[in-house]
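What follows is a short report on a single structure.
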Amino acid sequence: MEIQHALNCLAVLPLTLFLAACESTPRQPDEPFPMSVELRAQAIENIAESLRNSVEIAAGRFPVAPEDGTWEFDDGGWTGGYFAGMLWLMYAETGEQYWREHAEKYTWLLEGYKSNVDMSDIGILYWPSCDLGYSLTHDERMREVGLAGARSMMKRFLPGGGYMQNWGRLGEEDQMGFVIIDCLINLDHLYWAADETGEPSFSQAATSHAERTRVSHVRPDYSSFQVVEFDPATGEMLRGFTKQGYTDESTWSRGQSWGIYGFTRVYKHTREQKFLEAAMSMADWFIERLPPDFVPYWDFCAPGIPNEPRDTSAASMAASAMLELATLVEDPDRANHYRRTAGKILASLTENYLTRDLPGRNDGVLSGGTYFYEIGRSVDQANIWGDFYYLEAMQRWPE
Ligand code: GLY
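Residue numbers for the sequence shown, in this note's numbering: 230 to 628.
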């Protein structure tokens, strides 16, 4: 496994840099468990304060990721569900009407996406907004919007290829072959629609997409490609490459986290062992290469490690996934390993990566996120998805 990864990295890096960037980090199995009830309480209090601030600044727009500490906004994009979702999670945490009112407001602001067949991220938009909101309020209108969105998503399923079209307008020929590992996160919404309606076509499409991703994006050593180009007619893998990572053969940290999180959820819905294996093995690969403070650099093979930006959103997402994974694996030692590692990640994020500890204005909760390194977009800043997974992980901890 190591050899495969070494070959991948050697193709793009001098040996010394490869060793610095991609080697495993030895761990002490009996290191103390650093998360505590007190640290969790402090974290939730800090998230609540930051979120109130964001609600005031946002005024009906959706915060995405800051530049120079100041939120940039859009009308929902691919990340709007995370803002609504944080508001719902905070309502679930506190029961306070303030959070519910704003969660409802931002959920309804996403309604227009329900019939948009030209974007692939309705699942990411609607799982944390409509589905979560419906589970907390039983408001039937949210269920209806969620189901309409799921039906629009299904139009992008390519039966020949066995996957959901990710990029481009519906049916746009030169975009139909591309699938990013990130798209796994959309599948929860299809499984939700299957449960709500009893229609198996939703879950069949989701599982087919997950399987294409498992056999193509996940390399034999359980590192990952961010993007795979398929033959849309047959689902044959033509090539793997990157969009937001360092090189085609390196491993973009957030891509690895999308995989850990996504396959954990797919296993929870399907109970197919191969998805549990994928989630565990990708998590093991990730954990073995974490730096001493348990927060990954933006790419595991970034050439200037240790002087490279981190990606705290990859850390918070992986921590949240590991806490769920720990509830699904049968081996108690392995479950404990994931739980302990998630605790260390959360403790490190809370002690070392909060925007509130930085000078000047810094919107969002977690500093040190990297949206898109290559184009310099929101590097070493907060982002809304990293904050969502940090809150979700805190709520999952200790279980
Ligand atoms: N799904 C886009 C990203 O992770 O930046």
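Glycine included, every Cβ here is placed at the ideal spot set by N, Cα and C.
Does DSSP put LEU413 in a helix, in a strand, or in coil?
Translated into positions along the sequence shown, residue 413 becomes position 184. If DSSP states are grouped into helix, strand and coil, LEU413 belongs with the helices.
Would DSSP call GLU267 helix, strand or coil?
Position 38 of the sequence shown, counting from 1, holds the residue named residue 267. Helix.
Cβ separation of MET315 and LEU354, assumed to be a contact under 8 Å, to the nearest whole Å:
Position 86 of the sequence shown, counted from the first residue, corresponds to residue 315. Position 125 of the sequence shown, counted from the first residue, corresponds to residue 354. About 14 Å; that fails the 8 Å criterion.
Could you compute how far the alpha carbon of VAL346 sits from the alpha carbon of GLU580?
By one-based count along the sequence shown, residue 346 stands at place 117. By one-based count along the sequence shown, residue 580 stands at place 351. If I take the Cα positions, the gap works out to 42 Å.
Can you name the residues that DSSP bridges to ALA550?
Looking up residue 550 in the sequence shown gives position 321. Bridge partners of ALA550: none, in fact.
Using DSSP with H/G/I as helix, E/B as strand and the rest coil, what is PHE629?
Examination of residue 629 is not possible in this model, given that the chain is present from 230 through 628 alone.
What are the boundary residues of the alpha helix (DSSP H) that PHE504 is part of?
Taking the sequence shown and counting its residues from 1, the one referred to as residue 504 is at position 275. Its alpha helix (DSSP H) spans residues 502 to 517.
Residue from LEU552, GLY341, ALA571, ARG372 with nearest C-alpha to TRP356:
As a first step, residue 356 is located in the sequence shown; it is residue number 127 there, counting from the start. The option with the nearest alpha carbon to TRP356 is ARG372.
Any non-hydrogen atom of the ligand FMN closer than 7 Å to TYR355 Cβ
For the structure depicted, the ligand FMN is absent and the ligand set comprises only the ligand GLY.
Identity of the residue in GLY352, LEU365, GLU274 nearest ASN395 by Cα:
As a first step, residue 395 must be located in the sequence shown, where it is residue number 166. Out of GLY352, LEU365, GLU274, GLY352 has the C-alpha closest to the C-alpha of ASN395.
Quick one: residues in its chain with C-beta nearer than 8 Å to the C-beta of ILE613, no 5 flanking neighbours on either side, listed in chain order?
Along the sequence shown, read from residue 1 onward, the residue named residue 613 stands at position 384. Cβ neighbours of ILE613 beyond the five flanking positions: PHE291, PRO292, VAL293, ALA294, THR308, TYR311, PHE312, MET315, GLY593.
Give the single residue among THR541, ALA555, TYR602, ILE574 whose Cα lies nearest to the Cα of ALA531.
Residue mapping note: residue 531 aligns to position 302 of the sequence shown, counting from 1. That would be TYR602, whose Cα lies nearest to the Cα of ALA531.
Bridge partners for PHE407 per DSSP, in chain order?
Position 178 of the sequence shown, counting from 1, holds the residue named residue 407. Beta-bridge pairing links PHE407 to GLU458.
Out of curiosity, what's the CA-to-CA distance linking PRO429 and ALA423?
Looking up residue 429 in the sequence shown gives position 200. Looking up residue 423 in the sequence shown gives position 194. Whole-angstrom Cα-Cα distance: 6 Å.
I want to check one thing, is the minimum distance from the CB of TYR490 to the heavy atoms of the ligand GLY below 7 Å?
Locating residue 490 in the sequence shown gives position 261, where the first residue counts as 1. No, the Cβ of TYR490 stays beyond 7 Å of every heavy atom of the ligand GLY.
Looking at the structure shown, is PHE291 part of a helix, part of a strand, or coil, going by DSSP?
For this step, residue 291 is matched to residue 62 along the sequence shown. Three-state DSSP puts PHE291 in a strand.
Which residue marks the beginning of the alpha helix (DSSP H) containing GLY310, and which one marks its end?
By 1-based counting over the sequence shown, the position of residue 310 is 81. Per DSSP, GLY310 belongs to the alpha helix (DSSP H) from 309 to 323.
What number of angstroms, rounded off, separates the C-alpha of LEU519 from the C-alpha of LEU578?
If you number the sequence shown from 1, residue 519 lands on position 290. If you number the sequence shown from 1, residue 578 lands on position 349. The alpha-carbon atoms of LEU519 and LEU578 are separated by roughly 13 Å.
What do you get for VAL524, buried or exposed, if any count of 16 or more other CB atoms within 10 angstroms of its CB means buried?
Taking the first residue of the sequence shown as 1, we reach residue 524 at position 295. Buried, because 16 or more other Cβ atoms sit within 10 Å of the Cβ of VAL524.
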